[in-house]
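Reviewing the structure listed below.
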Amino acid sequence: MKSQHEIKMWTPTTLLLLLFMAAGLVIIIYRLMAGLGAVTNLNDRFPWGLWIGLDVLGGVAMAAGGFLVAGAVYILNMKKYKPIARAAILNAFFGYLLAAIAISLDIGVPYRIWHPIIMWQIHSIMWVVAIHVVLYTSTLATESSPMFFEKLRMEWAANVVHKILVPVVLFGVLLSLLHQSSLGAVYLIVPKKLSSFWYNSQLPTLFLASAIMMGLSMVSLETIISGKAFKHNIDIGILSGLARGTMIAAIVYLAMKLWFLAKGPGISALFNGTMEANMYLLEMIIGVIIPLFLLLMKNARENITSIFLINILVISGILLNRLNVAIFGLYRDASARGASYFPTWMEFVVTLAFISFAIFGFKLSAKYLRVFPEAEAQH
Amino acid sequence: MAKSVLIDLTHCIGCRGCQIACKEWNERSVKKTTMNGNFTNPKELNSECFTHIRYVEQELNGAPVWSFVKNQCLHCKNPACASVCPVAALKKTKEGPVTYDFSRCIGCRYCMLACPFYIPKYEWEKALPWIRKCTFCSDRVSADIVPACVKVCPTNTMFYGEYNDVVKEANNRITKNPGKYVNHIYGKDEAGGTSWMYISGVPFETLGFNMDIPKQELPDLTWAYIRKIPAVIGVVLAAGAVAWAITRRNKNMDKEE
Ligand code: SF4
Ligand code: SF4
Ligand code: SF4
Chain A
86 MKSQHEIKMW TPTTLLLLLF MAAGLVIIIY RLMAGLGAVT NLNDRFPWGL WIGLDVLGGV
146 AMAAGGFLVA GAVYILNMKK YKPIARAAIL NAFFGYLLAA IAISLDIGVP YRIWHPIIMW
206 QIHSIMWVVA IHVVLYTSTL ATESSPMFFE KLRMEWAANV VHKILVPVVL FGVLLSLLHQ
266 SSLGAVYLIV PKKLSSFWYN SQLPTLFLAS AIMMGLSMVS LETIISGKAF KHNIDIGILS
326 GLARGTMIAA IVYLAMKLWF LAKGPGISAL FNGTMEANMY LLEMIIGVII PLFLLLMKNA
386 RENITSIFLI NILVISGILL NRLNVAIFGL YRDASARGAS YFPTWMEFVV TLAFISFAIF
446 GFKLSAKYLR VFPEAEAQH
Chain B
2 MAKSVLIDLT HCIGCRGCQI ACKEWNERSV KKTTMNGNFT NPKELNSECF THIRYVEQEL
62 NGAPVWSFVK NQCLHCKNPA CASVCPVAAL KKTKEGPVTY DFSRCIGCRY CMLACPFYIP
122 KYEWEKALPW IRKCTFCSDR VSADIVPACV KVCPTNTMFY GEYNDVVKEA NNRITKNPGK
182 YVNHIYGKDE AGGTSWMYIS GVPFETLGFN MDIPKQELPD LTWAYIRKIP AVIGVVLAAG
242 AVAWAITRRN KNMDKEE
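Residue numbers (my numbering), protein chains in the order written: chain A, 86 to 464; chain B, 2 to 258.
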């Protein structure tokens, strides 16, 4: 248990995180009192903005690592990844919690967030998404509950959860597969509004494939960072394994993206200099092309520094993809009559506060719960 | 059965009577507007304005042409806005109107994203905002009274009736008056067909109509995905259980060895 208590709580970084969270909280209270118009630059032509694009779509994609690692360890019995299972699941839990809070603040009538649970409308992707968020957040809570039960010295409860863990994990995998792809399906309804660089009938599959890339990179990045911060050995075998997973997902993703690029606007449209073409190029070069180029080299997959770099690239690129789908890809159609959208500083601060909340929450857990049981055993 | 309206743009004189009548009947207030070098006022529909006239000045064949375009919800036959609403706050009624029930709405604004015509508007300035759009005067229509805007129009720009009669009327006007209309009923096929349709003497594309609206019913696009979910659930659960059983057996065999 030595490593845990070595984690310093009140570092300058933590204080900065708390500062962002406090600022975010003030703005959130203001948003609840004064409404969305007072806080955001959203308007009738741009009903969704930064909070949906980054916090919800991006946050959920980042959380994909949870179901992948949990599935690998508990369903496929890949014991190698056991040491990072708790961290990955906990991280996904924070990701989803965040997305759920972000959604609650983004909808106009936050106290009705529960309506979809009783008011069913099975034709709506948004309903499907809402049900998934509820079910999967509960699943993640169950999956990470043993850590809390241990802390509370409720071993019997932890044992109960351990007994049902396999079906719970399987349920979580199922929900995640559906949820990640459903977020892409949200945009199936806007065939002409969304630029053909991003719109196609396989948006759900593309969202799933890119979420897998992003989720694995996120877990890998976290393993590296917490390894450094908590000073335990980083198992390079785990990181290489995750990198291989990212590589396979990236190959599938790239192939699909190219296929739909050729089918949609055409390959040559890439270089027509429009905002859409440039954003598409940017997203693909950062998130897929360079990382894949590196990943295909075996020694890059076995070196912490290059893996770190790849992770950062993939995460940024896929985040950009979500922003492209949610904002830039819709921009031309929505701005046809002169409307425009750029987030207010308050939208940015709330987003920063959300991210800080996730990092802070994870740090807190790493200090007080047994997130890395195997690493402790090393000491 | 389903009511429908034909807007004959050749009749409209741009008096804005409909704009006022709509405001009165639906108890809408006003929003501050600014000069924009154009008679269109407000410039766009908003949460207080369910219908307005768009004024279009242009030159066609060397002559100046002034057109007046009434704008409002088209009440699609299979509306994207209603299909995406997670809580069924928006509904297509059998009488024709697409209605809204605030007591259900969570304010996710997916309807605004989904509508190909950018019709649903939001009360951004309020703490508890409603989605607002033309109601097709559903309260009047269900009581068999014509919508307020239709009723007030001094030039009979709008023809109100059963859907089939309205389409027939549109076709009649186009065929009986060669050269008067362009040969297109806007809304007949757009978005899979809408309850409000337009005929016009000048090309629609010059009047600010979006000609790039998909011709299919948009909800089919998302349903194609949702429809598959039960099968996916079955396959994933089965595959997961099998994978677990196999890998566990392998593990146990490892132990025995
Ligand atoms: S025009 Fe838009 S708001 Fe009106 S019914 Fe169709 S989809 Fe709904
Ligand atoms: S904003 Fe309201 S009416 Fe529109 S889709 Fe969401 S819940 Fe339905
Ligand atoms: S039908 Fe009623 S709500 Fe719609 S524009 Fe006419 S008056 Fe307004």
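By construction, the Cβ of each residue, glycine as well, lies at the ideal position given by its N, Cα and C atoms.
This structure is a prediction, so every number in the text was calculated from the model and none was measured.
Tell me the rounded alpha-carbon separation between residue i and residue j.
i, j, result
"B:PRO43", "B:CYS50", "8 Å"
"B:GLN20", "B:THR52", "6 Å"
"A:VAL253", "A:ALA157", "14 Å"
"A:LEU106", "A:TRP95", "Looking at the sequence provided, one finds Met at residue 106 of chain A rather than Leu. For A:MET106 and A:TRP95, the distance between alpha carbons rounds to 15 Å."
"A:ILE321", "A:MET382", "16 Å"
"A:ALA187", "A:HIS217", "15 Å"
"A:LYS348", "A:LEU291", "15 Å"
"A:SER286", "A:GLY414", "15 Å"
"B:ASN251", "A:ASN396", "33 Å"
"A:SER229", "A:ILE174", "6 Å"
"B:HIS185", "B:PRO117", "19 Å"
"B:ILE107", "B:VAL88", "8 Å"
"A:TYR115", "A:PHE433", "15 Å"
"A:HIS464", "A:ARG455", "Confidence at A:HIS464 is low in this model, with a pLDDT of 45, below 50, so its placement is unreliable and the value that follows should be read with caution. Distance between the alpha carbons of A:HIS464 and A:ARG455: 14 Å."
"A:TRP212", "A:PRO201", "6 Å"
"B:ASP145", "B:VAL153", "16 Å"
"A:TYR453", "B:LEU219", "50 Å"
At 8 Å on the CB atoms, spell out the chain B contacts of residue i, in chain order.
i, result
"A:ASN162", "TRP245, THR248, ARG249, ASN251 and LYS252"
"A:VAL251", "TRP245"
"A:PRO289", "TYR226"
"A:PRO201", "PRO87, VAL88 and ILE107"
"A:ALA270", "THR223, TYR226 and ILE227"
"A:PHE258", "The identity of residue 258 of chain A in the sequence shown is Val, whereas the question assumes Phe. Neighbours of A:VAL258 on chain B, chain order: VAL237 and GLY241."
Which of the three DSSP states is assigned to residue i in this structure?
i, result
"A:TYR196", "helix"
"A:LYS87", "Model confidence at A:LYS87 stands at a pLDDT of 43, short of 50, so the residue's coordinates are unreliable and nothing is read from them."
"B:VAL31", "coil"
"A:LEU237", "coil"
"A:PHE393", "helix"
"B:SER68", "strand"
"B:LYS122", "strand"
"B:TYR164", "helix"
"A:ASN128", "strand"
"A:ARG386", "helix"
"B:THR100", "strand"
"A:LYS348", "helix"
"B:ILE214", "coil"
"B:ARG17", "coil"
"B:GLY241", "helix"
"B:TYR187", "strand"
"B:ILE146", "coil"
"A:ILE319", "coil"
What does residue i touch in chain B if you count any residue whose Cβ is under 9 Å from its own?
i, result
"A:ASP129", "GLU45, LEU46, ASN47, SER48, MET113, TYR119, PRO121, LYS122, TYR123 and TRP125"
"A:GLY120", "GLU124, TRP125, GLU126, LYS127, ALA128, LEU129 and PRO130"
Can you pull the DSSP bridge partners for residue i?
i, result
"B:CYS116", "Per DSSP, none; premise fails for B:CYS116."
"B:LYS9", "In the sequence under discussion, the amino acid at residue 9 of chain B is Asp, which differs from the Lys named in the question. DSSP, once it has assigned bridges, lists B:ILE200 as partnering B:ASP9."
"B:MET159", "B:ILE8"
"B:CYS77", "B:THR195"
"B:ASN47", "B:CYS50"
"B:ARG55", "B:VAL70"
"B:LYS93", "B:VAL99"
"B:LEU61", "B:ALA64"
Does the Cβ of residue i lie closer than 8 Å to at least one heavy atom of ligand 4?
i, result
"B:ILE227", "No copy of ligand 4 appears in this structure; the ligands present are ligand 1, ligand 2 and ligand 3."
Can you name the residues of chain A whose CB is closer than 9 Å to the CB of residue i?
i, result
"B:SER30", "By Cβ distance, chain A contributes nothing, its closest Cβ being about 16 Å from B:SER30, past 9 Å."
"B:ALA144", "Those do not exist, as B:ALA144 stays about 27 Å from chain A at its closest Cβ, beyond 9 Å."
"B:ARG55", "Those within 9 Å of B:ARG55 in chain A number zero; the least Cβ separation is about 10 Å."
"B:VAL151", "The premise fails here: B:VAL151 is roughly 25 Å from chain A at the closest Cβ pair, so nothing lies under 9 Å."
Please compile the residues from chain A whose C-beta is within a distance smaller than 8 Å of the C-beta of residue i.
i, result
"B:PRO215", "PRO276 and LYS277"
"B:SER84", "HIS208, SER209 and ILE274"
"B:ALA81", "ILE274"
"B:ILE230", "VAL213 and LEU263"
At least one CB of chain D closer than 9 Å to the CB of residue i: is that the case?
i, result
"A:TRP241", "The displayed structure is made up of protein chains A and B, and chain D is not among them."
So residue i contacts chain A; which residues on that side make the cut at Cβ distance below 7 Å?
i, result
"B:CYS106", "VAL194"
In chain B, which residues lie less than 7 Å from residue i when you measure between Cβ atoms?
i, result
"A:TRP212", "PRO87"
"A:ARG197", "ILE107"
**Asked** Would you call the stretch 178-196 of chain A and the stretch 126-137 of chain A touching, i.e. three or more CB-CB distances under 8 Å?
**Response** yes
**Segment contact flag, the stretch 435-444 of chain A with the stretch 54-69 of chain B, C-beta cutoff 8 Å, min 3 pairs** = no
**Message:** Across the stretch 263-279 of chain A and the stretch 340-357 of chain A, are there enough close Cβ pairs to call them in contact, namely three or more that are closer than 8 Å?
**Reply:** Touching, no.
**Item:** Stretch-stretch touch, CB-based, cutoff 8 Å, three pairs: the stretch 27-34 of chain B with the stretch 74-94 of chain B
**Value:** no
**Prompt:** With contact counted as at least three CB pairs below 8 Å, one residue from each stretch, are the stretch 4-19 of chain B and the stretch 151-163 of chain B in contact?
**Reply:** The count of Cβ pairs closer than 8 Å, one atom from the stretch 4-19 of chain B and one from the stretch 151-163 of chain B, reaches three, so the stretches are in contact.
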